[in-house]
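Protein chains in written order, with the working numbering: chain A, 1460 to 1668; chain B, 1460 to 1668; chain C, 1460 to 1668; chain D, 1460 to 1668.
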C-alpha cells in the first residue's frame, strides 16, 4: 500500500521535531546528521542534504525510494541515504532511523576502530535498548571503517547481520552513529541511551588510565 | 489519616515540575529515573513507568501503597517503586524521594562499587545536605550492587541503617542515585549537592592521576 | 549620604538579574553563592541566606551595615556577609561583589590549596580583568583555607593586601570564588573571566599530565 | 561600487544574530570575540569594541575601511580589526569573518603553539570546511604566537599564504580562532566544525595519554 499525503506530512513533522531536539543537545554540529522515517514498503521520508538540523521544518524533508533515489523532487537527499534505506530493508520492525554526529560518538569511534566493537556491560541503561531487560546482558555496538562509498558500508553491515550478531546501531569511524526504532520515540531513546553509554565508557577510560 | 484529592493533585504537580527541572539538567536520560512524594502513612504518589521525564505532567503520576501496589489505577508503577516506599517506611521525616541517572552518578558508581562507599570531606557544599553545618565533617554515600530484584537492594539499605551509619542517599552500581528530603525542595537540593560533589571527586581523580 | 529607596530597589533588581544569569550557567548549585552591591558608605544590599539563586527576585535581597548586621529586616543575611562588607571597606572602587561556587572553582581551589595561589600567564582573557592591558602580565588568584569563622578569612585577605600584592578576587578551599567590580557588569565580567581561566588551567593539567 | 544603507543594515543584523548564537554556545566569554562582514571593496561592518556578544544588536556594529579606521563613527572598532580587513584583502571570496574565544580554542592553541599547527585527519566533519569532499584529506590549522601588535600577526598570516599552504582559519596562542566564509552561514559552519574538531583532538589526547 502506498503512503498518503497526510502520512508524509506527519512523518516530515516528526522528523523536523526530532531534529530540533537532537540539535539542541549538540548532536548535529555544522549541518551534519540525517534523519528518516519509513513511509511504506517502497518509500522513506528523509532530510534534504546540507540543511541546518537546528532549524529544520517539514520543508527540509523529501521522499526517496528504497534505492535512495529522489521521488517527486529535484532536491538532493543526504549522501548517506542508502544507509537509511538499507536499515528499512533489513529490519522489518524499523520505522525511524537517526544518524547523529556527537563528540562522544566521533571520539569513541576513533578509539575503538581497531577493535571494531564497543561492548557495554553492567549498565542499567542498557535496558533502554529494545529487547534488553537486564543490566546483566552484553550490548555490542560495532564500529565500521569510514568511506565515502556507501555500498562498502552496506556490505559491512550485512556481514555483521549474516554472522547472526544482534544489531541495534553502529558507529562509523571518525563519523557518528546510526540507530533506529519501531517509531521515532524509540529511535530517539536509542540515540539518547547510546550517547549516554559512550560518554560513560570514555569517562571511565580517562579515570582508570 | 487518608490523603485528599487536592493533596494528591498538588503532589503530582510538584513531581512533574521537579522532573522537568531535573531533565533539563540532563539527569534523566532515555526515560530513566523516577520520583515520588509521600501522601500519608500508607500511600505515595509516584511516576508511571517509562514516561519521558522531560515532558512530565500530573497525568504521569499514580498512587501506590507502601508495598508498591497500584491503588485506583491499572497503570504500572516504576519497577523500582519498592525503593521509594522503603525510604518512607524507614525515614519518618522523608516526604519526597528522587532517583536520577546522570553520567557522573553512573561513572562514580562503577568506580567506587568495589569499595562500597564514596566519602566526601572538605567541601563547603556538604552543608547543603540536611544536618551538616560544616565542611569539616565527613559525608558517606554508599554504593550498592545493582540487581533487577528490589528486595535484595532493600536488604542492603537495611543493613547499612542497622549499622547505625547515617544515610542521606545511595548509589546503585551502573545505575544512579536515590536521595530524599522533608519536602521536594530539600530532595532537589540533595540531588544537586550530590551531583556536584560526585563531579568534583571524578574531576579531582582525573587531575591527580 | 544615605541611600534612597529607589536606589535600593535598583540594586536589588540588578542583584536578582545577575543571579539568574549566573545560575543559568551552573555557577550556583544547591542554594550556594551570594551577591551584593554597595548602597552607600555604611550599607550594602545582599542576598538573603538560603534562597535558590536560579529564582531570585528583588524580595530576596536585604540591607546590611558594614559590620554585616541586618538593617530594617528580621531576615538573616548570608553567613558570608562579612566577606562582602570587607571588600567594600578595603576597595573604595568596588561597588558590586559576587561569590559563586562552580565545579571548576571548587576543584581548582582544592588542587592549589597547598600552594596558596593560582598564577595565570599568557592568556588573552587576562585582559578582561580591570587594569590588565596585555596577555604578557601575570595574574595571581590566591586560595585561602576554608573556615566557618569569617574573621579568619578577613585576616587572610588583609595579610595579602598588606603585602602590596594586587587582588582582583580569591578562592576559598573546597568552596568558591569572590570577585568584585566598579559595577555589576564589571563584577560579572570578572566572574566569567576567572571561570574561563580556571577551566583552561584544569584542562591543560589533564592534557599535560 | 559603494555599499548602500540597507546593505549595511542587513549586515549589522546578520552580525548581531550570529553573535547571539555563538554566545549561546559559550564561545564568547567576558566580552571577548569580534565579528565582521565585507560591505564593498573598501569597507567592512564590524562589532564595536567591548560589547557583550550575548546581547548584540545592530547598534553594536560600525563601519571601517580596509586600513581598520572608523568611517562615519566616533566609536572605537575592535582592537583586532586589522585581522578582519586583512582576510578581506587576501581572500576575494571571503565575505564574513568570525573570531571567537572558546575553552577548546584557547587550550588547543597553548598545547600546539610550539609545533605551530594542528593537523586534522580522518574526521568526516572535515567535509564541513569549504572545498573538502572527503575525510581522507588533511586539514591544517596554524597556531600563531599572540601579540598585542596586529601587524606582526598579519605578517605571520602572509608568510603562511606565501608558502602556498591552504588556509581556512588560524588560532592565536592563548587566544582564540579566526575563520571566514563566502557568507555568514558558511563562516558559522566553519566555526562550528573547527570547534568540534578541536574538542575531538583534545579529548583523544586525554584518552590516549
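All residues carry an ideal CB built from backbone N, CA and C; glycine is no exception.
Any C-beta of chain A sitting closer than 9 Å to the C-beta of residue 1605 of chain B?
A Cβ of chain A is located within less than 9 Å of the beta carbon of residue 1605 of chain B.
Alpha helix (DSSP H) containing residue 1643 of chain D: first to last residue?
From DSSP, the alpha helix (DSSP H) with residue 1643 of chain D extends over 1643-1667.
Name, please, each residue of chain C whose Cβ falls closer than 7 Å to the Cβ of residue 1637 of chain B.
What residue 1637 of chain B touches in chain C: nothing, since even the nearest Cβ is about 17 Å away.
Please identify, using Cβ separations under 9 Å, the residues of the stretch 1630-1654 of chain B that lie next to chain A, in order along the chain.
Under the 9 Å Cβ criterion, the stretch 1630-1654 of chain B contributes 1631, 1632, 1633, 1634, 1635.
May I have the straight-line CA-CA distance separating residue 1534 of chain B from residue 1497 of chain A, to the nearest angstrom?
Cα-Cα distance, rounded: 31 Å.
Any C-beta of chain C sitting closer than 9 Å to the C-beta of residue 1593 of chain B?
Closer than 9 Å to some Cβ of chain C, the Cβ of residue 1593 of chain B qualifies, so yes.
Within 9 Å (strictly less), CB to CB, does residue 1587 of chain D reach chain A?
Interface residue (Cβ-Cβ distance to chain A less than 9 Å): residue 1587 of chain D is classified as such.
Chain A contact residues for residue 1668 of chain D, given Cβ-Cβ distances below 8 Å
Simply 1668.
Residue range of the beta strand (DSSP E) that residue 1568 of chain D falls in?
Careful: residue 1568 of chain D lies outside any beta strand (DSSP E), inside the alpha helix (DSSP H) at 1562-1570.
On the three-pair Cβ rule with 8 Å, is the stretch 1468-1486 of chain D touching the stretch 1583-1591 of chain C?
No, they do not touch.
Would you decide whether residue 1488 of chain B is buried or exposed? Buried here means 16 or more other CB atoms lie within 10 Å of its CB.
So residue 1488 of chain B ends up on the buried side.
Please list the partners that residue 1581 of chain A has in chain B, where partner means a Cβ-to-Cβ separation under 8 Å.
The contacting residues are 1569, 1605, 1632, 1633.
Members of the stretch 1486-1517 of chain A near chain D, C-beta cut-off 7 Å
Here the close residues are 1488, 1489, 1490, 1491.
With H, G and I counted as helix, E and B as strand and the rest as coil, what does DSSP make of residue 1524 of chain D?
Strand.
Pair within 9 Å by beta-carbon distance, residue 1483 of chain D and residue 1513 of chain D
Going by C-beta atoms, residue 1483 of chain D is nearer than 9 Å to residue 1513 of chain D.
Closest by CA to residue 1629 of chain B, which one among B:1653, B:1637, B:1572?
Of the listed residues, the one whose Cα sits closest to residue 1629 of chain B is B:1637.
Could you tell me whether the Cβ atoms of residue 1526 of chain A and residue 1462 of chain A are closer together than 9 Å?
Going by C-beta atoms, residue 1526 of chain A is not nearer than 9 Å to residue 1462 of chain A.
Would you kindly report the start and end of the unbroken beta strand (DSSP E) that includes residue 1497 of chain D?
1493-1499 is the span of the beta strand (DSSP E), which, as asked, contains residue 1497 of chain D.
Does any residue of chain A have a CB that is nearer than 9 Å to the CB of residue 1559 of chain B?
Chain A, which has no Cβ nearer than 9 Å to the Cβ of residue 1559 of chain B, makes this no.
Closest Cβ-Cβ distance between residue 1600 of chain D and chain A: below 9 Å?
Among the residues facing chain A, residue 1600 of chain D is not included, as its CB has no counterpart in that chain under 9 Å away.
Do the CB positions of residue 1555 of chain B and residue 1635 of chain B come within less than 9 Å of each other?
No, they are not a contact pair.
Using a C-beta cutoff of 9 Å, does residue 1542 of chain A count as contacting chain B?
For residue 1542 of chain A, the answer is no, since every Cβ of chain B falls outside 9 Å of its Cβ.
Strictly below 9 Å CB to CB, what residues from chain C border residue 1566 of chain D?
The answer, in chain order, is 1658, 1659, 1662, 1663, 1666.
In terms of DSSP beta bridges, what is residue 1580 of chain C paired with?
Answer by DSSP bridge pairing, in chain order: C:1597.
Express the C-alpha separation of residue 1664 of chain D and residue 1560 of chain C in angstroms, rounding to a whole number.
When rounded, the separation of the alpha-carbon atoms in residue 1560 of chain C and residue 1664 of chain D is 29 Å.
Who are the Cβ neighbours of residue 1491 of chain A in its own chain at under 6 Å, not counting the five residues just before and after it?
The beta carbon of residue 1491 of chain A sits closer than 6 Å to those of 1560, all from its chain and outside the five residues before and after it, given in chain order.
Check whether the Cβ of residue 1467 of chain C lies closer than 9 Å to any Cβ atom in chain D.
Residue contact check for residue 1467 of chain C against chain D: no CB pair falls below 9 Å.
Which chain C residues sit within Cβ distance under 9 Å of residue 1562 of chain D?
The answer, in chain order, is 1655, 1658, 1659, 1662.
Does the CB of residue 1584 of chain D have a neighbour CB from chain A at under 9 Å?
Yes, because at least one Cβ of chain A sits closer than 9 Å to the Cβ of residue 1584 of chain D.
Per-residue burial, residue 1597 of chain B [other beta carbons within 10 Å of its own, 16 or more giving buried]
Answer is exposed; the Cβ neighbour count stays below 16.
Between which two residues does the alpha helix (DSSP H) carrying residue 1502 of chain D extend?
Run containing residue 1502 of chain D: none in the alpha helix (DSSP H); it sits in the beta strand (DSSP E), 1502-1506.
Three-state class that DSSP yields for residue 1634 of chain C in the structure shown
For residue 1634 of chain C, the secondary structure class from DSSP, reduced to helix, strand or coil, is coil.
Span of the beta strand (DSSP E) holding residue 1558 of chain D?
Counting along the chain, residue 1558 of chain D sits inside the beta strand (DSSP E) bounded by residues 1555-1559.
Hey, quick one: how far does the alpha helix (DSSP H) through residue 1615 of chain C stretch, first residue to last?
Going by DSSP, residue 1615 of chain C is part of the alpha helix (DSSP H) stretching over 1609-1621.
With C-beta atoms as the reference, is residue 1577 of chain D less than 9 Å away from residue 1520 of chain D?
Not a contact, by the Cβ cut-off of 9 Å.
Taking the continuous alpha helix (DSSP H) assigned at residue 1677 of chain B, which residues delimit it?
Outside the shown range of chain B, which is 1460 to 1668, sits residue 1677 of chain B, and nothing can be said about it.
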